[in-house]
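Structure record follows, encoded as structure tokens.
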Amino acid sequence: PYHVPVFVLTHHPRDPIVMEGGTTFHFVTDGIHSALEQAKAAAGGKDVRVGGGVATIRQYLQEKLIDEMHLAVSPLLLGNGENLFAGLDMLKLGYQCTEQVATPLATHVIIKRA
């Protein structure tokens with residue numbers, strides 16, 4: 430579905446899953462740095478996108494491994510959820526909000542590392 434290699438963080442080793450159209454899911458058990466290095470090597474100089482839940486993104490932010498982040502904040506309330514920025518001092522980590530655009534369905538926020 431992505432037409433590029435995908436590197437999935439997991440605690441459970443498993444063989445890669447090859448899909449039609451160029452997507453292969455590789456399962457990485459040795460951490461965020463390894464997953465990122467494998468993704469960068471596979472990307473051949475192109476951009477790498479990091480996706481995941483709050484815990485995954487928070488790890489990459491803490492290590493200053495995210496250059497730019499696009500958040501789409503929707504006004505739909507689904508309970509407490511997890512706070513992406515809890516315990517993170519984004520300014521100390523070198524991140525700043527560079528753009529915000531409100532639309533009827535979401536507010537789009539761009540955060541970049543200086």
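Just so you know, we're using the numbering used here here: the sequence shown kicks off at 430 and counts up by one.
Every residue gets a Cβ at the ideal spot worked out from N, C-alpha and C, and that includes glycine.
Note that the coordinates shown come from a computational prediction; the quantities given were computed from them, not determined experimentally.
| Item | Value |
| --- | --- |
| Outcome for residue 524 when other beta-carbon atoms lying within 10 angstroms are tallied against a minimum of 16 | buried |
| Any 3 or more C-beta pairs closer than 8 Å across the region 440-448 and the region 470-483 | no |
| Endpoints, the beta strand (DSSP E) within which residue 497 is located | 497-502 |
| Opposing strand residues paired with residue 456 [DSSP bridges] | 437 |
| Where the alpha helix (DSSP H) containing residue 489 begins and where it ends | 483-491 |
| Pick from 444, 435, 478, 458 that is closest to residue 451, judged by C-alpha positions | 435 |
| Limits of the unbroken alpha helix (DSSP H) element including residue 469 | 461-472 |
| Exposed unless 16 or more other CB atoms sit within 10 angstroms - verdict on residue 540 | buried |
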